[in-house]
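*Asks:*
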């Protein structure tokens, strides 16, 4: 996984720039040399491996899942952090999408999500004509991962910049990009965009089901030293593996309102077993937190390892809110919830200042190796919440009870739909604080009550405007 990364960085950057709708003319002069370099890169299996690895590296940038899509912009939209007057947090708190700093931040997210798409499209446009460069297993694994990543990034573009699923327009919404081209990409209707999304996911699932080692080995053995497994086949939690695709399908189907399929895919992950009969993923507990594993790595389905995490989101002094503000909506006094007891710390900095700091990503020497410097993008807890939302009430209560036992809180037996929805919204806030999921849950559920917000949830609140340079293409 670590081989031949450096020499592909320029290639990745130019492919990505060419694929963007904006300012295409400025990239025309790099196309010929890019085509030659692309041919050279993909004339050997290591080239495919390196380009795919480069896509994961791009995802780790601070303007994507290294910060902004995890703890930054999307968490400010969920009202999760305190902010100072005039800061980007203040504008995001008020859903002021016209502020220049907000326009810049959201444009960077949009552009860089499509740059990851361009990285994998470089693979997907060539892999079917690889002239025997790849073995069958390599082909299935690399193409499956590339399709999964393309779907993952497009879905986050849809969740952030697309319409509320309860308020769909007839007009075109976003481009689903499947090529690397100097031409502007065509915007699609919501139906066409999501159809392409599901097509990519279904093909990724089929390909990875044939070959992914995560179905034949435990995660521990895949990460063990000297295990005799090709290094490209190891560390599957840090890759778009078979179960990550299934989890993403559960997330997407829930967004699309297909609760039957969402439940089917969520259960596939929940019930996943190793060949010895052990669970592939297990819910994190108080014992994990005691080892410093506050992101609960045993339940990570897909994560990214970020080497500079201590200087961005893992310092323990990067993000905070007021303790009273947080507890008023999420936790009762004296709670034993491991997400409260272990992941927050109130610090008296002065008589007037007692910030309640967020500790989920802090690092220490006691942490297991698999828990160090990782940011979860898909977790088992989400699958339990999806199962809770999509099952009949009695079964839903049982799924929720299992999650509550792991979190050391008292379970709730659901009596009706309003109660279930209320619990789900609260759980998406408690469970995914600092992971970028709460805002999307509000949007999907069309919630009017956004905790700690000064405005009611609405289309204007939930739909982030396209970058100004992109709006002309949406209207063509």
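In our numbering, the protein residues as written are 156 to 631.
Note that CB positions come from ideal geometry on N, CA and C, so glycine has one too.
Using a C-beta cutoff of 8 Å, does residue 503 count as contacting chain C?
*Replies:* The displayed structure is made up of one protein chain only, and chain C is not part of it.
*Asks:* Identify, in the order they occur along the chain, each residue of the same chain with its Cβ nearer than 8 Å to the Cβ of residue 244, setting aside the five sequence neighbours on each side.
*Replies:* Counting from one through the chain shown, the residue named residue 244 turns up at place 89. Here the set comprises 231, 236, 237 and 238.
*Asks:* Kindly indicate which residue of 555, 591 and 491 has the alpha-carbon position closest to the one of residue 574.
*Replies:* Here residue 574 is taken as the residue at index 419 of the chain shown, counted from 1. Cα-wise, what sits closest to residue 574 is 555.
*Asks:* Could you pull out every residue in the same chain whose Cβ sits closer than 7 Å to the Cβ of residue 511, ignoring the five residues on either side in sequence?
*Replies:* If you number the chain shown from 1, residue 511 lands on position 356. Cβ neighbours of residue 511 beyond the five flanking positions: 475, 476, 477, 478, 481, 499 and 501.
*Asks:* Would you call the CB atoms of residue 561 and residue 471 closer than 8 Å?
*Replies:* For the purposes of this step, residue 561 is taken as residue 406 along the chain shown, with counting starting at 1. For the purposes of this step, residue 471 is taken as residue 316 along the chain shown, with counting starting at 1. For residue 561 and residue 471, no; Cβs fall outside 8 Å.
*Asks:* Could you give the first and the last residue of the continuous alpha helix (DSSP H) run that contains residue 354?
*Replies:* Residue numbering aside, residue 354 sits at position 199 when the chain shown is read from its first letter. Unbroken alpha helix (DSSP H) run through residue 354: 345-366.
*Asks:* Assess, as a yes-or-no matter, whether the stretch 379-397 is touched by the stretch 328-347 under the definition of 3 or more beta carbon pairs within less than 8 Å.
*Replies:* Counting Cβ pairs under 8 Å, fewer than three are found: no touch.
*Asks:* Excluding the 5 residues flanking residue 451 on each side, which residues of the same chain have their C-beta closer than 6 Å to its C-beta?
*Replies:* Against the chain shown, residue 451 aligns to sequence position 296. Result list for residue 451: 439 and 443, in chain order.
*Asks:* Rounded to a whole number of angstroms, what is the C-alpha to C-alpha distance between residue 253 and residue 626?
*Replies:* Working through the chain shown from its first residue, we reach residue 253 at position 98. Working through the chain shown from its first residue, we reach residue 626 at position 471. Cα-Cα distance, rounded: 14 Å.
*Asks:* What whole-angstrom Cβ distance do residue 362 and residue 299 have, given they're in contact under 8 Å?
*Replies:* In the chain shown, residue 362 corresponds to position 207, counting from 1. In the chain shown, residue 299 corresponds to position 144, counting from 1. Right, the Cβ-Cβ distance comes to about 3 Å (below 8 Å), so this counts as a contact.
*Asks:* Taking the beta strand (DSSP E) that residue 475 falls in, what are its first and last residues?
*Replies:* As a first step, residue 475 is located in the chain shown; it is residue number 320 there, counting from the start. That run of the beta strand (DSSP E) goes 475-477.
*Asks:* To the nearest angstrom, how far is it from the Cα of residue 559 to the Cα of residue 323?
*Replies:* Numbered from its first residue, the chain shown carries residue 559 at position 404. Numbered from its first residue, the chain shown carries residue 323 at position 168. Those two C-alpha atoms are separated by around 35 Å.
*Asks:* When you compare the CB positions of residue 401 and residue 372, do they come within less than 8 Å of one another, or not?
*Replies:* As a position in the chain shown, residue 401 is number 246, starting the count at 1. As a position in the chain shown, residue 372 is number 217, starting the count at 1. No, the pair does not count as a contact, with Cβ atoms beyond the cut-off.
*Asks:* Do residue 622 and residue 265 have their C-beta atoms closer together than 8 Å?
*Replies:* The count along the chain shown starts at 1 and reaches residue 622 at position 467. The count along the chain shown starts at 1 and reaches residue 265 at position 110. Going by C-beta atoms, residue 622 is nearer than 8 Å to residue 265.
*Asks:* Can you tell me whether DSSP reads residue 587 as helix, strand or coil?
*Replies:* Counting from one through the chain shown, the residue named residue 587 turns up at place 432. Three-state result, residue 587: coil.
*Asks:* So, under 8 Å CB-CB, residue 328 and residue 348 are touching, yes? Tell me the CB distance rounded to an integer number of Å.
*Replies:* As a first step, residue 328 must be located in the chain shown, where it is residue number 173. As a first step, residue 348 must be located in the chain shown, where it is residue number 193. 6 Å between Cβ atoms; contact.
*Asks:* Measure the CB-CB distance between residue 516 and residue 564 and report whether it falls below 8 Å.
*Replies:* Reading the chain shown from its first residue, position 361 is the one you call residue 516. Reading the chain shown from its first residue, position 409 is the one you call residue 564. Contact: no.
*Asks:* Does the stretch 256-272 come into contact with the stretch 211-223, if we say contact requires no fewer than three beta-carbon pairs (one atom in each stretch) closer than 8 Å?
*Replies:* Cβ pair count under 8 Å is three or more, so yes.
*Asks:* Would you list the residues sitting across from residue 513 in a DSSP beta bridge?
*Replies:* Looking up residue 513 in the chain shown gives position 358. DSSP, once it has assigned bridges, lists 499 as partnering residue 513.
*Asks:* Grab the span of the alpha helix (DSSP H) containing residue 627 for me, first residue to last.
*Replies:* Along the chain shown, read from residue 1 onward, the residue named residue 627 stands at position 472. That run of the alpha helix (DSSP H) goes 623-629.
*Asks:* Given a cut-off of 8 Å, decide if residue 456 and residue 405 are closer than it, judged by their beta-carbon atoms.
*Replies:* Position 250 of the chain shown, counting from 1, holds the residue named residue 405. Position 301 of the chain shown, counting from 1, holds the residue named residue 456. Going by C-beta atoms, residue 405 is not nearer than 8 Å to residue 456.
*Asks:* Excluding the five sequence neighbours on either side, which residues of its own chain have a C-beta within less than 7 Å of the C-beta of residue 453, listed in chain order?
*Replies:* Numbered from its first residue, the chain shown carries residue 453 at position 298. For residue 453, where only same-chain residues beyond five positions count, the Cβ hits under 7 Å are 436, 437, 439 and 443.
*Asks:* Near residue 368, what residues of its chain come up, given a Cβ to Cβ distance below 7 Å and the 5 sequence neighbours on each side ignored?
*Replies:* Taking the chain shown and counting its residues from 1, one reaches residue 368 at position 213. The answer, listed in chain order, is 377, 384, 388 and 391.
*Asks:* Is the stretch 576-593 close to the stretch 534-544, with three or more CB pairs under 8 Å?
*Replies:* Yes: at least three Cβ pairs fall under 8 Å.
*Asks:* Mind checking residue 591: buried by the 16 CB within 10 Å criterion, or exposed?
*Replies:* Translated into the one-based positions of the chain shown, residue 591 becomes position 436. Buried, because 16 or more other Cβ atoms sit within 10 Å of the Cβ of residue 591.
*Asks:* Where does residue 534 sit, in a helix, a strand or coil, going by DSSP?
*Replies:* Locating residue 534 in the chain shown gives position 379, where the first residue counts as 1. Residue state, collapsed to three classes: strand.
*Asks:* According to DSSP, simplified to helix, strand and coil, what is residue 472?
*Replies:* Within the chain shown, residue 472 is the residue found at index 317, counting from 1. Residue 472: coil per DSSP, three-state reduction.
*Asks:* CB-CB under 6 Å to residue 315, same chain, minus the five flanking residues each way: which ones, in chain order?
*Replies:* Position 160 of the chain shown holds residue 315. Result list for residue 315: 619, in chain order.
*Asks:* Tell me whether residue 241 is buried or exposed, calling it buried when 16 or more other Cβ atoms sit within 10 Å of its Cβ.
*Replies:* Taking the first residue of the chain shown as position 1, residue 241 is located at position 86. When all chains shown are included, residue 241 counts as exposed.
*Asks:* Under 8 Å by Cβ, that's how I've got residue 274 and residue 209 pegged, so tell me the actual separation to the nearest angstrom.
*Replies:* Numbered from its first residue, the chain shown carries residue 274 at position 119. Numbered from its first residue, the chain shown carries residue 209 at position 54. Residue 274 to residue 209, Cβ: 6 Å. Contact.
*Asks:* Of all the options 486, 262 and 303, which has the alpha carbon lying nearest to the alpha carbon of residue 272?
*Replies:* Translated into positions along the chain shown, residue 272 becomes position 117. With distances taken between Cα atoms, residue 272 lies closest to 303.
*Asks:* Going by the beta-carbon positions, is the gap between residue 206 and residue 196 smaller than 8 Å?
*Replies:* Locating residue 206 in the chain shown gives position 51, counting from the first residue. Locating residue 196 in the chain shown gives position 41, counting from the first residue. Contact flag set, yes.
*Asks:* For residue 278, which residues in the same chain have their Cβ closer than 7 Å to its Cβ, ignoring the five residues on either side in sequence?
*Replies:* Taking the first residue of the chain shown as 1, we reach residue 278 at position 123. If we look at residue 278 and ignore the five residues flanking it on each side, its Cβ neighbours are 203, 206, 207, 297 and 301.
*Asks:* Spatial neighbours of residue 521 within its chain, please: C-beta separation below 8 Å, excluding the five flanking residues on both sides.
*Replies:* As a first step, residue 521 must be located in the chain shown, where it is residue number 366. Within the same chain, residue 521 has close Cβ partners 446 and 447.
*Asks:* Looking at residue 607 and residue 234, is the spacing between their C-beta atoms short of 8 Å?
*Replies:* Position 79 of the chain shown, counted from the first residue, corresponds to residue 234. Position 452 of the chain shown, counted from the first residue, corresponds to residue 607. Their beta carbons are under 8 Å apart, which means residue 234 touches residue 607 by this criterion.
*Asks:* Going by CA-CA distance only, name the one from 467, 276, 358 and 284 that's closest to residue 226.
*Replies:* Taking the first residue of the chain shown as 1, we reach residue 226 at position 71. The shortest C-alpha separation from residue 226 is found at 467.
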